[in-house]
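Its first residue numbered 27, the sequence shown is counted upward by one per residue in the numbering used here. Each remark here refers to the structure printed beneath this line.
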Amino acid sequence: MDSASAIPFHSLASSVTVFNGLNFSEWCEQVQFHLGVMDLDLALLNDKPAAITDSSSADEKSFHKAWERSNRLSLMFMRMNIANNIKSTIPQTESAKEYLKFVEERFCSADKSLAGTLMAELTTMKFGGSRSMQNHIIEMTYIAARLQTLGMKVNDSFLVQFILNSLPPERRQDLRNKGIIQLTSWFKELVKDLK
Numbered sequence: 027m028d029s030a031s032a033i034p035f036h037s038l039a040s041s042v043t044v045f046n047g048l049n050f051s052e053w054c055e056q057v058q059f060h061l062g063v064m065d066l067d068l069a070l071l072n073d074k075p076a077a078i079t080d081s082s083s084a085d086e087k088s089f090h091k092a093w094e095r096s097n098r099l100s101l102m103f104m105r106m107n108i109a110n111n112i113k114s115t116i117p118q119t120e121s122a123k124e125y126l127k128f129v130e131e132r133f134c135s136a137d138k139s140l141a142g143t144l145m146a147e148l149t150t151m152k153f154g155g156s157r158s159m160q161n162h163i164i165e166m167t168y169i170a171a172r173l174q175t176l177g178m179k180v181n182d183s184f185l186v187q188f189i190l191n192s193l194p195p196e197r198r199q200d201l202r203n204k205g206i207i208q209l210t211s212w213f214k215e216l217v218k219d220l221k
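Below, the structure is given as structure tokens:
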């Protein structure tokens, strides 16, 4: 690998969230995206090809070489973006696909726990008046977005209902009477109406 291609690799690696044991979904999504952008995801998408023999075709040899490079760099990329205290708990392997699977098996349950906590927070959140309603709605929307990164999509109509239920009864009725629960522009309308 020449020095020109090493700079983008390192700079892209440093832009990925470091895996800390609690953020598997976010980390995995970023790793897969960055490896895809760098065209290094071949080893994650394909099993290791058969060993090269004298009778292997030029295409097979080329694929094997590309897979080996992808596997080596994918492993380095993932390991660079895992906290040191976590690295030692992950079994060693020479397969990027297997390494990602090991990380998922060990830490995906932490994501599920976080998702449960966030869902409980979203469904029980109430507007207390200590900040603007606009900020309250933005925070609830942010929680829904975090849930989505953990694999739990919150339907827009449910989110609107959670938001309405979190508001004081008089404000909730005002918004319902104005017909703001239309999904086409629900967020813009709620935020605009709160100004």
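C-beta: ideal position from N, C-alpha, C; glycine also.
- Around the beta carbon of Val129, 16 or more other beta carbons sit within 10 angstroms, so the residue counts as buried.
- Taking 8 angstroms as the cut-off, the beta carbon of Asn111 is found no closer than this to the beta carbon of Ala39.
- Inter-residue distance for Leu126 and Gly154 is about 42 angstroms (C-alpha atoms, whole angstroms).
- With contacts defined by Cβ atoms closer than 8 angstroms, Ser192 and Met145 do not form a contacting pair.
- Judged by their CB atoms, Leu185 and Leu140 are not nearer to each other than the 8 angstroms cut-off.
- In the displayed model, Phe45 falls within a strand according to three-state DSSP.
- The Cβ neighbour count for Arg172, taken over all protein chains shown within 10 Å, is at least 16; the residue is labelled buried.
- If you look at Phe103, you'll find it in the alpha helix (DSSP H) that goes 84-106.
- Only residues of its own chain outside the window of five on either side were considered, and among them Arg132 have a CB closer than 8 angstroms to the CB of Thr115, listed in chain order.
- Here Thr143 carries a helix assignment [DSSP, helix/strand/coil].
- Contact between the segment 82-92 and the segment 54-62 is absent: fewer than 3 CB-CB pairs across the two stretches fall below 8 angstroms.
- The closest CA to that of Ser41, considering only Arg95, Leu71, Met104, is found on Met104.
- Judged by DSSP secondary structure, Thr167 falls within the alpha helix (DSSP H) whose first and last residues are 159-175.
- DSSP places Ile189 in the helix class (H, G or I) of the three-state scheme.
- Take Trp53, set aside five residues on each side of it, and the residues of its chain with a beta-carbon closer than 6 angstroms to its own are Thr43, Phe45, in chain order.
- Between the C-alpha atoms of Leu70 and Gln174 there is a straight-line separation of about 23 angstroms.
- Counting along the chain, Asn110 sits inside the alpha helix (DSSP H) bounded by residues 110-113.
- Spatial neighbours of Met159 in its own chain (CB-CB distance under 8 angstroms, excluding positions within 5 residues in sequence) are listed in chain order as Phe153, Leu193, Arg197, Leu220.
- If you look at Gly62, you'll find it in the alpha helix (DSSP H) that goes 50-63.
- Out of Glu120, Lys138, Ser83, the CA that lies nearest to the CA of Gly47 is found in Lys138.
- Residues Val180, Leu185 of the same chain have their beta carbon placed closer than 6 angstroms to that of Ala170, with the five preceding and five following residues left out of the count.
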